[in-house]
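K.L.:
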Amino acid sequence: MFKLVKIVVEFKEYITLSMLIIICFALMSMGNAAELRGFRTIVVGGIGVAQRLFAWVPNPVALKSENKALRELNFYLSTEFAKSRKALVENEKLRTALEFKESLDFPVLSAELVGRTTAGMRNYVTLNVGRNDKVQEGMAVMTERGLVGSIIAASDNYSLVQLVINIHTRIAVKVEETRVNGILLWEGSEELLLTKVAKSLDVEAGDRVLTSGYSTKYPAGIVVGQITQVRDDPSSLFRTITVRPLVNFETLEQVFVRLELPDAERLALRKQLEEKLRTKE
Amino acid sequence: MPLFHDENRLITEQSALDNPVIRYLAYGIVVALLSIVQLIFSPIIAVDNIYPNFLLIFCAIIALREGQMVGLVAAFCAGLIYDVISNDVIGTNALASILAIFLVGYFHREGRFRQLVGSYRFLILVLVATLVFNLVYHILRIDTSEVDFLGFFLKYGIASTLYTTVIAILPLLVMARKSDI
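Residue numbers (my numbering), protein chains in the order written: chain D, 1 to 281; chain Z, 282 to 462.
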């Protein structure tokens with residue numbers, strides 16, 4: 001106690017100064033401190049320094065709430081990221097589709113797939129456009145990547161498309177580079193088969209296959225696929241050619257329906273020929 | 282005779298001020314008067330909004346005469362009185378004054394008051410004290426994020442310091458004359 005009194009007496013000036021400073025700050029705080037902008041800056045700065053000094057002390061309650069807030073933020077950001085990513089992909093898709101639509105010299109109608117039907121080796125898809133949208137049986141369906149199929153039935157608001165990968169599909173095609181003609185069909189594998197190509201004809205892997213002008217069902221010049229393999233079977237006069245379709249039928253979402261029917265006169269002529277051949281038989 | 286008369290008067294004055302109660306009372310009255318003088322006459326003698334700090338000069342005199350402790354209390358009271366009568370934020374002048382006078386108090390030497398105040402050292406002390414006073418006061422008042430503190434302090438702080446130091450020549454002359462007598 002005596003020591004304490006001794007210290008107080010020895011440092012009375014400093015103690016008085018400290019007390020008076022505290023009193024001054026207290027008086028300033030009680031007064032109109034808003035006028036003391038510098039004082040306010042000092043106080044805020046001082047608090048900031050003190051907080052930074054003690055920031056390392058963990059606060060379980062604050063950590064818990066911060067954790068919760070971060071989790072919520074993480075969820076929100078993940079959702080936003082997924083949304084923007086989806087929008088980006090969709091934007092890219094639509095941009096490509098738009099460019100494709102503008103590049104065509106015949107009218108097309110954009111449509112979305114609303115259903116898929118698989119019966120054995122017969123693959124069909126349902127579109128959200130029908131007769132009300134001027135869609136009719138026999139119209140070709142395609143995407144910017146290539147041929148999809150043709151409309152085989154249409155109701156007022158929906159239509160059914162027989163895909164290229166259907167056991168009943170037969171497409172008259174032409175090899176883009178060498179102009180060799182053939183018939184494209186599907187036998188259930190992942191790839192299409194290009195038939196009726198003689199061994200003497202020049203066909204190579206990598207060549208693109210397009211619909212030919214001989215087709216009465218599809219407009220000429222639409223890409224169907226790319227030749228992946230050319231084999232010569234000794235027991236056959238024709239080559240065995242496999243074609244990979246360029247359209248991915250698994251991820252198909254948006255298509256274009258060609259709003260033009262094949263040439264009616266040509267179809268009628270072909271029917272007449274078929275009937276004549278039948279009567280001769 | 283006049284010399285004798287003067288010496289007598291000096292002795293009488295010294296005797297009256299020897300009584301601490303009378304002395305502290307006198308300090309209080311002078312502080313109150315100087316506060317009013319500071320408030321009323323400052324605008325008259327101000328040069329470009331810069332005016333001297335009479336109260337600080339007087340508090341420096343008290344600190345040099347009575348010591349650090351009394352000087353601190355006097356500075357606090359004087360600052361507080363001036364805060365009240367000048368409608369300033371209570372505590373600002375008091376804080377700046379006590380810090381400035383605390384420094385001056387270090388130079389208190391028992392029985393050497395007249396020599397100290399009557400010499401150029403007094404001017405240096407007033408200069409330093411006013412500088413500290415202005416520094417603290419402007420730090421409190423000015424938001425450094427909005428105003429360039431250095432520029433402001435150089436203009437107002439230094440100018441006010443110099444003006445106060447010039448005014449401090451008056452007590453120096455008086456005290457020097459008294460020392461001669």
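Backbone N, C-alpha and C fix where the C-beta goes; we use that ideal spot for every residue, glycine too.
Here the structure is a predicted model, which is why all the values come from computation and not from measurement.
1) Quick one, are the C-beta atoms of Z:Phe339 and Z:Val318 less than 8 Å apart?
2) From the beta carbon of D:Lys64, is the nearest beta carbon of chain Z less than 8 Å away?
3) Please go through the same chain and pick out, in chain order, the residues whose beta-carbon is closer than 6 Å to the beta-carbon of D:Ser155, but skip the five residues on each side of it.
4) Does the Cβ-Cβ distance between Z:Ile331 and Z:Tyr444 come in under 8 Å?
5) Got a sec: which bits of the region 405–423 of chain Z sit with their beta carbon under 8 Å from any beta carbon on chain D, in order along the chain?
6) Which residue comes first and which comes last in the beta strand (DSSP E) that contains D:Asp232?
7) So, are the CB atoms of D:Val255 and D:Thr79 less than 8 Å apart?
8) Kindly indicate the opening and closing residues of the alpha helix (DSSP H) around D:Arg258.
9) Identify whether Z:Asp364 lies in helix, strand or coil by the three-state DSSP scheme.
10) If we cut at 8 Å on Cβ distances, does Z:Leu336 have a partner in chain D?
11) Would you call Z:Leu380 buried or exposed, if buried means 16 or more other Cβ atoms sit within 10 Å of its Cβ?
12) Going by C-alpha to C-alpha distance, which of D:Lys93, D:Lys83, D:Ile165 sits closest to D:Thr117?
13) Under 8 Å Cβ to Cβ from D:Ile15, same chain only, skipping five residues before and after it: list those, please.
14) Just the Cα atoms here: how many angstroms apart are Z:Ala355 and D:Lys12?
15) Please go through the region 90–145 of chain D and give each complete beta strand (DSSP E) segment of 3 or more residues, from N-terminal end onward.
16) So is D:Asn67 in contact with chain Z if we call contact Cβ pairs under 8 Å?
17) Could you please tell me which residues of the region 325–359 of chain Z, in chain order, have their CB closer than 8 Å to any CB of chain D?
18) Would the region 201–212 of chain D count as touching the region 176–187 of chain D if we require 3 or more Cβ pairs under 8 Å?
19) With 8 Å as the limit, tell me which residues of the region 4–27 of chain D have their beta carbon closer than that to any beta carbon of chain Z; keep them in chain order.
20) Should D:Gly182 be labelled buried (16 or more other beta-carbon atoms within 10 Å of its own) or exposed?
21) Looking only at its chain, what residues have a beta carbon closer than 7 Å to the beta carbon of Z:Lys459, apart from the 5 residues adjacent to it on each side?
22) Could you tell me which chain D residues have their CB closer than 7 Å to the CB of Z:Leu451, listed as they occur along the chain?
23) Could you list the residues in the region 374–394 of chain Z with a C-beta less than 8 Å from some C-beta on chain C, going in chain order?
24) Expressed to the nearest angstrom, what Euclidean distance is found between the alpha-carbon atoms of D:Gly46 and D:Leu20?
25) Between the region 393–411 of chain Z and the region 441–455 of chain Z, do three or more beta carbon pairs fall short of 8 Å?
26) Which residues, taken in chain order from the region 41–61 of chain D, show a beta carbon closer than 9 Å to some beta carbon of chain Z?
27) Judging by CA-CA distance, which residue of Z:Ala307, Z:Gly392, Z:Phe434, Z:Ile420 is the nearest neighbour of Z:Leu345?
28) Buried or exposed for D:Arg270, going by 16 or more other Cβ atoms inside 10 Å?
29) Distance cutoff 8 Å, beta carbons only. Does Z:Val370 sit that close to anything in chain D?
30) For the structure I just gave you, are there three or more beta carbon pairs, one from the region 187–199 of chain D and one from the region 228–243 of chain D, closer than 8 Å?
31) How far does the beta strand (DSSP E) with D:Lys174 in it extend, from its first residue to its last?
32) Any beta carbon of chain D sitting closer than 8 Å to that of Z:Asp429?
33) Among all the DSSP beta bridges, which residues are the ones paired with D:Phe238?
34) Can you give me the C-alpha to C-alpha distance between Z:Ser323 and Z:Asp329, rounded to a whole angstrom?
35) So, for D:Pro219: in the same chain, excluding its five sequence neighbours on each side, which residues have a beta-carbon less than 7 Å away from its beta-carbon?
P.N.:
Quick look at the numbers:
1) no
2) Under the Cβ distance rule, D:Lys64 does not count among the residues neighbouring chain Z, no pair being separated by less than 8 Å.
3) Gly130
4) yes
5) From the region 405–423 of chain Z, only His419, Ile420, Leu421, Arg422, Ile423 have a Cβ closer than 8 Å to chain D.
6) Here the beta strand (DSSP E) through D:Asp232 covers 223–232.
7) no
8) Careful: D:Arg258 lies outside any alpha helix (DSSP H), inside the beta strand (DSSP E) at 254–258.
9) Three-state result, Z:Asp364: helix.
10) no
11) Buried, because 16 or more other Cβ atoms sit within 10 Å of the Cβ of Z:Leu380.
12) D:Ile165
13) Val8
14) 15 Å
15) 108–119, 122–127, 140–142
16) No, no contact with chain Z.
17) Gln349, Met350, Leu353, Val354, Phe357
18) yes
19) Only Lys12, Glu13, Thr16, Leu17, Leu20, Ile21, Ile23, Cys24, Phe25, Ala26, Leu27 from the region 4–27 of chain D bring a Cβ to less than 8 Å from some Cβ of chain Z.
20) buried
21) Arg395
22) Going along chain D, no residue has its Cβ under 7 Å from Z:Leu451, so there is no contact; the nearest lies around 28 Å.
23) In the structure shown, chain C does not exist; the protein chains are D and Z.
24) 20 Å
25) yes
26) Thr41, Ile42
27) Here the closest residue by C-alpha is Z:Gly392.
28) Exposed, because fewer than 16 other Cβ atoms sit within 10 Å of the Cβ of D:Arg270.
29) yes
30) yes
31) 170–175
32) No, no contact with chain D.
33) DSSP, once it has assigned bridges, lists D:Ala198 as partnering D:Phe238.
34) Their backbone Cα atoms lie some 11 Å apart in a straight line.
35) Result list for D:Pro219: Phe106, Ala140, Thr211, Arg258, in chain order.
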